[in-house]
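A quick write-up on the structure given underneath.
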Amino acid sequence: RWMGPARVKRAIELLIEAGKSADPTALFSYANYPTTEYLLPANQDFVSFNVYLETADAFGHYLARLQNLAGNKPLLIAEFGVDSKGHGEEKQAEILSWHLDEACAAGLAGTTIFAWTDNWKRGGEAVTGWDFGLVRRDGSAKPALKTVSDQWGDFDSAADGVELQNPPMISVIVCTYRGSARIGECLESLENLRYPDFEVLVVNDGADEAVAEIVKRFPAVRLIEIEHGGLSHARNVGAEKARGSVFAYTDDDCVVDRHWLWWIAFAFQQNPEFSCVGGPNIPPPPKNFEQACVEVSPGGPAHVLMTDRIAEHVPGCNLAVRREAFIEIGGFNPIFRTAGDDVDFCWRLMDSGFVIGFHPAAWVWHFRRFSIGAYLRQQSGYGKAEAMLIPLHPNRFGDIGGARWHGAIYEPARHRGPDSFSRIYQGIFGYEPFQVVYGGRGDSIFEYIAGTIQWLLVACVLVGLGYFSWIPAVAGILMLLVSAGRAVRIGFGAPADREFSGFPARVCLSFLAWAQPLVRSFRRFAGSLKHTRLPTRFPEAIGPLFLPEFRWLTRWRHFRFWSEEGKTRDEFLAEILHGESRDDLLVRPGTGWEDWDVDLPVSLFWTLHLRTVTEYHEGENRLTRARLESRPTLLTVAWRIAALILVFVFGRSGELLNPVGIGSMIAVIFPEIFLVRAFIVGKSCLLRAAERCRLKRAK
658 RWMGPARVKR AIELLIEAGK SADPTALFSY ANYPTTEYLL PANQDFVSFN VYLETADAFG
718 HYLARLQNLA GNKPLLIAEF GVDSKGHGEE KQAEILSWHL DEACAAGLAG TTIFAWTDNW
778 KRGGEAVTGW DFGLVRRDGS AKPALKTVSD QWGDFDSAAD GVELQNPPMI SVIVCTYRGS
838 ARIGECLESL ENLRYPDFEV LVVNDGADEA VAEIVKRFPA VRLIEIEHGG LSHARNVGAE
898 KARGSVFAYT DDDCVVDRHW LWWIAFAFQQ NPEFSCVGGP NIPPPPKNFE QACVEVSPGG
958 PAHVLMTDRI AEHVPGCNLA VRREAFIEIG GFNPIFRTAG DDVDFCWRLM DSGFVIGFHP
1018 AAWVWHFRRF SIGAYLRQQS GYGKAEAMLI PLHPNRFGDI GGARWHGAIY EPARHRGPDS
1078 FSRIYQGIFG YEPFQVVYGG RGDSIFEYIA GTIQWLLVAC VLVGLGYFSW IPAVAGILML
1138 LVSAGRAVRI GFGAPADREF SGFPARVCLS FLAWAQPLVR SFRRFAGSLK HTRLPTRFPE
1198 AIGPLFLPEF RWLTRWRHFR FWSEEGKTRD EFLAEILHGE SRDDLLVRPG TGWEDWDVDL
1258 PVSLFWTLHL RTVTEYHEGE NRLTRARLES RPTLLTVAWR IAALILVFVF GRSGELLNPV
1318 GIGSMIAVIF PEIFLVRAFI VGKSCLLRAA ERCRLKRAK
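One rule links them: number in our numbering = place in the sequence shown (from 1) + 657.
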């Protein structure tokens, strides 16, 4: 709370970098807790959490959440245990039993039981207040030891702990168009699937001879050759020829996990209301520079989740649907020949009342485009598909053409931690037990608009108007800088492969982050002009307009208070809230969404935010740090905007050095006078509160 999540996350990443430098072959992770689930280092190899939940339903739901936070990385439970002293030894065995069941059902990479023995020490002293061990202090076994040993058995993966009852026959349908370069590896992975009842169909769209020769090497695969009619048509033909009660679609550039169908069937079994199920599509490790950049660039195929288990959209490269649901909505729309078919299919499923499920363990490797040119052509195709979707689903698109999703988009290029457009609910004074990140799954409305072709066109027009006046030219240049800044932020923040994460890669990623929305929005805009509407609303304010504060005010910002009586920030904050209210200063606590504790409205122009933290030293010694941070009020913003307008007006007329012009320049920094007074009042407030609760001022 004191340093801020971003600095703490970066410190953890530096530790991981140091570890990988010492041992490049080792795997590193940060053992996280539910209380700080937003601390997800981008460079960790797998995601690990220490979780102690003692009801199976709550634990299972939280594992689904953690799987989605982990994204494309494996999830490990680094600690889970039960106190037999508080619950009893039989209850301990019972809880650990369902813990293993839930860990397997969630498709975890693994779990760790805390602990082996009750003989546990902390700081050299034996811990006797709880007994988490599988064996007692004398080494004798508890019932939990046999339960864990018998249940774990010889598991190689979580799928070994999941039982299927009456697994349905699944028809795996692979549609390919001139995909001879990739389909062989795909069919090899399908040949190795672990599932009792399935068939594989390859629909050779265009009857490519090279594809047919490869498919003949796999005698169990049924080859269906058709004239070229596009992706949707091929998928419908595959469904017509399929014998299964479930159709599972994947692409010729995918390599499926050997348990892929097992997890799809398990998702249908656990959730009978699901009519469609999907899972992650994960890019394999890149082999060259271009691949590495394309894999983490925005715009790739991604699932959209409305909850941790219910999806709004799953990509067609990993989509399974029940036969009856497929028939009821009429299959895929054949007008979509290369892209957009899966989006239309999922939206029509939802409109018909069907539920789309998601299971994080039902994953496939999905090769992205192998060159930058192919990637940009793909994005152009996506834009064309979106233009075709607009007249079919007008209510699902925004005012300038972009899809309006109700769920959260999960892309590997996205950060899995707090960013400038996410909020952490920290609770009053930061005491919320589980501090969850809300939002942050994509660009803000403003950032989205700043990447579109419409934004670029307006900026270019304004720059062109600079021939007549410099003011629109400045505005146009600022718009271009905003677009460039957005691209640089994405490019330098994307979690690129460590081998290809140097400065050239960051420059390339920034270029792709700039070009991708332009190419995509241009094709969408060009193909849907008659469907595009003018904006009816505008994004929220970018932020207040204010000048940097004077550095010499720092001495009024930071305070340290010492207590030898065990007094902490709690007593200090309580005294500020109640004591200052008695002194007619209308202080108020935060709502829990802020990263500060108390708001001090000390001036019409400024408000002060107080942030505190307590360090625990030996014995009853406590050091409480307090920091005052200023924020301008709306009056300050309005004042400065008016003053800057006057400066521009007088500067334009050449009268800036006149008394009125000089006065307008002084007016820009006039609120700074009140800022000095604000810090004086804030300092006085803190010192009075410290004196009342007997805290000593520390140097």
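All residues carry an ideal CB built from backbone N, CA and C; glycine is no exception. If you're wondering where the values come from, they're calculated on a predicted model, not measured in any experiment.
Hey, quick one: how far does the alpha helix (DSSP H) through residue i stretch, first residue to last?
i	result
K1224	It is not in any alpha helix (DSSP H) - K1224 carries neither H nor E in the DSSP assignment.
G998	Residue 998 is actually Asp in this sequence, not Gly. Per DSSP, D998 belongs to the alpha helix (DSSP H) from D998 to D1008.
C761	E746 to A762
E866	E866 to V872
F946	F946 to E952
K1041	I1029 to L1049
T804	P800 to W809
How far does the beta strand (DSSP E) with residue i in it extend, from its first residue to its last?
i	result
D908	V903 to D908
F993	Segment: none, F993 is in no beta strand (DSSP E) and carries neither H nor E.
F1011	F1011 -> no beta strand (DSSP E), and no H or E assigned at all.
K1356	That residue, K1356, is in no beta strand (DSSP E); it is neither H nor E in DSSP.
E985	Per DSSP, E985 belongs to no beta strand (DSSP E); it is in the alpha helix (DSSP H), R980 to I986.
W777	Careful: W777 lies outside any beta strand (DSSP E) and carries neither H nor E.
I967	I967 to H970
When we look at the beta-carbon of residue i and count the other beta-carbons within 10 Å, is it buried (16 or more) or exposed?
i	result
D910	buried
L732	buried
P662	buried
M660	exposed
I770	buried
H890	buried
W917	buried
P940	buried
P1328	buried
A1044	buried
K799	buried
G1121	exposed
T833	buried
T794	Reading off the sequence shown, one finds Arg at residue 794, where the question assumed Thr. Classification for R794: exposed.
H1063	exposed
C1342	buried
Give the straight-line distance between the Cα atoms of residue i and residue j, rounded to the nearest whole angstrom.
i	j	result
A715	V829	34 Å
G1040	K730	29 Å
L1285	V1255	10 Å
I1134	W1171	16 Å
C1165	W1112	22 Å
L1280	T768	38 Å
L1257	N700	39 Å
I1029	H1266	47 Å
F1182	P1051	14 Å
R1005	L723	29 Å
G1291	G728	What sits at residue 1291 in the sequence shown is Leu, not Gly. Between L1291 and G728, the C-alpha separation is close to 40 Å.
D807	I752	15 Å
L1352	S1220	5 Å
G1084	V1093	10 Å
S705	A867	45 Å
V1270	R1345	18 Å
T995	G1159	34 Å
L858	A877	9 Å
V1244	S1260	12 Å
L1332	C1117	39 Å
G1247	R1080	14 Å
L1301	P1129	16 Å
E856	I827	7 Å
A772	A668	29 Å
Does the beta carbon of residue i fall short of 7 Å from some heavy atom of the ligand MG?
i	result
D813	This structure lacks the ligand MG, and indeed carries no ligand of any kind.
Uninterrupted alpha helix (DSSP H) stretches inside the stretch 1245-1330 (no shorter than 4 residues):
List check, alpha helix (DSSP H) in window: 1291-1309 and 1316-1326.
Runs of alpha helix (DSSP H) wholly within the stretch 1120-1193 (minimum 4 residues, chain order):
Runs of alpha helix (DSSP H) with 4 or more residues, each lying fully within the stretch 1120-1193, are found at 1127-1150 and 1160-1184, listed in chain order.
Does the stretch 947-962 come into contact with the stretch 1023-1030, if we say contact requires no fewer than three beta-carbon pairs (one atom in each stretch) closer than 8 Å?
Yes, the stretch 947-962 is in contact with the stretch 1023-1030.
Curious, which full-length beta strand (DSSP E) runs of at least 3 residues does the stretch 817-846 contain?
Segments of the beta strand (DSSP E) lying fully in the stretch 817-846: 827-833.
Check whether the stretch 912-924 and the stretch 933-951 are in contact - that is, three or more C-beta pairs closer than 8 Å.
Short answer: they touch.
Does the stretch 1105-1125 come within contact of the stretch 1137-1145, defined as at least 3 CB pairs closer than 8 Å?
Of all C-beta pairs linking the stretch 1105-1125 to the stretch 1137-1145, three or more are shorter than 8 Å, placing the two stretches in contact.
So does the stretch 811-828 actually touch the stretch 760-767, counting three or more Cβ pairs closer than 8 Å?
At 8 Å Cβ cutoff, the stretches touch.
Could I get the ranges of all uninterrupted beta strand (DSSP E) runs contained in the stretch 660-737, with 3 residues as the minimum, in chain order?
The qualifying runs are 704-707 and 732-737.
Does the pairing of the stretch 784-791 with the stretch 876-892 give three or more beta-carbon distances under 8 Å?
Touching, no.
Does the structure place the stretch 734-748 close enough to the stretch 944-951 that three or more beta carbon pairs sit under 8 Å?
In short, these stretches do not touch, since the Cβ pair count stays below three.
Any chance you could list the beta strand (DSSP E) runs of at least 3 consecutive residues sitting entirely within the stretch 881-931, in chain order?
With a minimum length of 3 residues, the unbroken runs of beta strand (DSSP E) contained wholly in the stretch 881-931 fall at 903-908 and 911-913.
Is it a yes or a no for the stretch 1173-1180 touching the stretch 965-973, going by three-plus beta-carbon pairs under 8 Å?
The stretch 1173-1180 vs the stretch 965-973: no contact.
Quick check: the stretch 898-914 against the stretch 829-843, are there 3 or more CB pairs under 8 Å?
Output reads yes: the stretch 829-843 touches the stretch 898-914.
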